[in-house]
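Engineer: Numbering-wise, the sequence shown is residues 2 to 195 according to this note's numbering. Just so you know, even glycine gets a beta-carbon here, dropped at the ideal spot from N, CA and C. Nothing here was measured: the structure is a model prediction, and the numbers come from that model.
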Amino acid sequence: MKIIGLTGGIGMGKSTVATVFRRSGIPVFDADATVRALQVKNGRAIPRIAAAFPDVVRDGVLDRTALRARILSDAGAKRRLEAIVHPLVRTAERKFVAAARRRHAKAVLLDIPLLFETGGERRVDLVITVSAPRSVQMARVQRRGLPIADIEAIIARQMPDAEKRRRADVVIRTGLSRHHAISAVRRLIQEILP
């Protein structure tokens, strides 16, 4: 079974690429969705987050805005949060891959924004990075309703786009048009899974 890693900065188009893989019958592990599931009311990560950041959890509910403000202003807080969440996500990823092997899937896609930052490229056979011009990236993320200062802080803390492109096996350009990106992904799937 081929294990494909998908990465890219915020607003670069990972979801679009993952959707094409999913519609092609390739199982997709979504690290961000896994994190959200761990952080729902009384989710598996909530007790540990509450212990590390008592002011961001009330009655088993995570205040995401307060947590985001905390980790954007304090690198140590970000590392503490990652030490809580990353092992839980990695466990879910292992279970996902094992289940796909049992079903004899030809391939899986691991959609992991921090693939390089967490050493995940060592666990995959091929790394795809999605990339778009900074202006396109900013416009996409602004549509999510985040303040520009928060967007810029998030981007500043992520591995630079140029570095992700340099380290990837394949770069999908998502800034030209949705049709162009989808066509490129479909061609790639045909190449790697004949």
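1. For residue 85, which three-state DSSP category applies?
2. Ends of the alpha helix (DSSP H) at residue 22?
3. Would you mind stating whether residue 116 and residue 6 have Cβ atoms separated by less than 8 Å?
4. With distance defined between alpha-carbon atoms, name the residue in 2, 13, 10 and 20 nearest to residue 183.
5. Counting along the chain, where does the beta strand (DSSP E) carrying residue 27 start and finish?
6. For the beta strand (DSSP E) that residue 186 lies in, which residues bound it at each end?
7. Would you please state the rounded distance, in angstroms, between the beta carbons of residue 152 and residue 137? I believe it to be under 8 Å.
8. If we ignore side chains and look at the alpha-carbon of each, how far apart do residue 145 and residue 66 end up?
9. Per DSSP, what are the beta-bridge partners of residue 165 in this structure?
10. Is the number of C-beta pairs between the stretch 60–80 and the stretch 107–116 that are closer than 8 Å three or more?
11. Can you find the residues in the same chain that come closer than 8 Å, C-beta to C-beta, to residue 193, ignoring five residues on each side of it along the sequence?
12. Report the option in 166, 150 and 132 whose CA atom is closest to the CA atom of residue 15.
13. For residue 18, does the count of other Cβ atoms within 10 angstroms reach 16, so buried, or fall short, so exposed?
14. Quick one: grab the DSSP three-state call for residue 8.
15. Give the straight-line distance between the Cα atoms of residue 31 and residue 10, rounded to the nearest whole angstrom.
16. What are the boundary residues of the alpha helix (DSSP H) that residue 142 is part of?
17. Mark residue 50 as exposed unless 16 or more other C-beta atoms lie within 10 angstroms of its C-beta, in which case mark it buried.
18. By the DSSP assignment, the beta strand (DSSP E) with residue 130 in it spans what residues?
19. Could you tell me if residue 165 is buried or exposed, where buried requires 16 or more neighbouring beta carbons within 10 angstroms of its beta carbon?
Structural biologist: Taking the structure as given:
1. Position 84 of the sequence shown holds residue 85. Residue 85 falls in the helix class under three-state DSSP.
2. Position 21 of the sequence shown, counted from the first residue, corresponds to residue 22. Unbroken alpha helix (DSSP H) run through residue 22: 15–24.
3. Taking the sequence shown and counting its residues from 1, the one referred to as residue 116 is at position 115. Taking the sequence shown and counting its residues from 1, the one referred to as residue 6 is at position 5. It is a contact, given that the beta carbons lie within the stated cut-off.
4. Position 182 of the sequence shown, counting from 1, holds the residue named residue 183. For residue 183, the nearest C-alpha among the options comes from 20.
5. In the sequence shown, the residue the question calls residue 27 occupies position 26. From DSSP, residue 27 is part of no beta strand (DSSP E); its letter is neither H nor E.
6. Position 185 of the sequence shown holds residue 186. Unbroken run through residue 186 is the alpha helix (DSSP H), 179–193; no beta strand (DSSP E).
7. The residue you call residue 152 lines up with position 151 of the sequence shown. The residue you call residue 137 lines up with position 136 of the sequence shown. Not really, about 13 Å apart at Cβ, beyond 8 Å.
8. In the sequence shown, residue 145 corresponds to position 144, counting from 1. In the sequence shown, residue 66 corresponds to position 65, counting from 1. Whole-angstrom Cα-Cα distance: 14 Å.
9. For the purposes of this step, residue 165 is taken as the residue at position 164 of the sequence shown. None; residue 165 has no bridge partner.
10. no
11. Within the sequence shown, the letter at position 192 stands for residue 193. The residues are 3, 5, 108 and 127.
12. Position 14 of the sequence shown holds residue 15. The shortest C-alpha separation from residue 15 is found at 132.
13. Here residue 18 corresponds to residue number 17 of the sequence shown, with the count starting at 1. Its Cβ being crowded by 16 or more others within 10 Å, residue 18 is buried.
14. Counted from its first residue, the sequence shown places residue 8 at position 7. It is a strand residue.
15. The residue you call residue 31 lines up with position 30 of the sequence shown. The residue you call residue 10 lines up with position 9 of the sequence shown. Cα to Cα, residue 31 sits roughly 14 Å from residue 10.
16. Mapped onto the sequence shown, residue 142 falls at position 141. Note, residue 142: alpha helix (DSSP H), 135–143.
17. To locate residue 50, count along the sequence shown from 1; it is residue 49. With 16 or more other Cβ atoms within 10 Å, it is buried.
18. The count along the sequence shown starts at 1 and reaches residue 130 at position 129. Run containing residue 130: 127–132, per the beta strand (DSSP E) assignment.
19. As a position in the sequence shown, residue 165 is number 164, starting the count at 1. By the 10 Å Cβ count, residue 165 comes out buried.
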